[in-house]
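Colleague: Below are the structure tokens for one structure; questions will follow.
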Amino acid sequence: MNEEKDMADARAILAGYRASIDNIDAALIHMLAERFRCTKAVGVLKAEHGLPPADPAREQQQIARLRQLAHDAHLDPDFAEKFLNFVVREVIRHHEQIAAANGVTKTG
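Here you go:
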């Protein structure tokens with residue numbers, strides 16, 4: 001009987017953790033959507049002024065900043081960098097599409 005109660009308690013704790021994870025995942029999605037709304041505006045501005053879709057100097061600054069934030073938050077900085085690189089690649093792809101739609105063909 002004690003084993004059944006322990007298992008029921010573990011399941012209840014697990015359900016609580018999973019509910020928190022689900023809430024965090026939802027917040028992440030909403031934050032990413034807001035980030036991409038902002039980067040879309042950046043892409044339009046860049047295209048309108050003939051600026052390149054990528055900004056390697058800015059990307060390096062962001063990587064250094066996020067690595068430090070990750071370190072301070074006890075998150076693996078390598079993971080944070082991989083995540084940022086993934087997001088930045090997607091942003092650049094969007095900026096290239098916006099530039100092409102605005103007749104800008106040079107991506108340098």
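Quick note, the sequence shown lines up with residues 1 to 108 if you use UniProt numbering.
For each residue, glycine too, the CB sits at the ideal point set by N, CA and C.
Keep in mind it's a predicted model, so treat the numbers as computed, not measured.
1. Helix, strand or coil for GLY103, going by three-state DSSP, please let me know.
2. Out of ALA100, PHE83 and VAL87, state which residue places its alpha-carbon closest to the alpha-carbon of ARG37.
3. Starting from residue 129, follow the alpha helix (DSSP H) in both directions and report where the run begins and ends.
4. Check whether the stretch 19 to 35 and the stretch 57 to 69 are in contact - that is, three or more C-beta pairs closer than 8 Å.
5. Using a 10 Å radius around the Cβ and a threshold of 16 neighbouring Cβ atoms, would you call ALA99 buried or exposed?
Modeller: Result, derived from the coordinates:
1. Numbered from its first residue, the sequence shown carries residue 103 at position 103. If DSSP states are grouped into helix, strand and coil, GLY103 belongs with coil.
2. For the purposes of this step, residue 37 is identified with residue 37 of the sequence shown, where counting begins at 1. Among ALA100, PHE83 and VAL87, the Cα nearest to that of ARG37 belongs to VAL87.
3. What the structure shows of the chain is the stretch from 1 to 108, and residue 129 is not part of that stretch, so it cannot be assessed.
4. With the cut-off at 8 Å, the stretch 19 to 35 and the stretch 57 to 69 do not touch.
5. Start at 1 with the first residue of the sequence shown, and residue 99 comes out as number 99. With 16 or more other Cβ atoms within 10 Å, it is buried.
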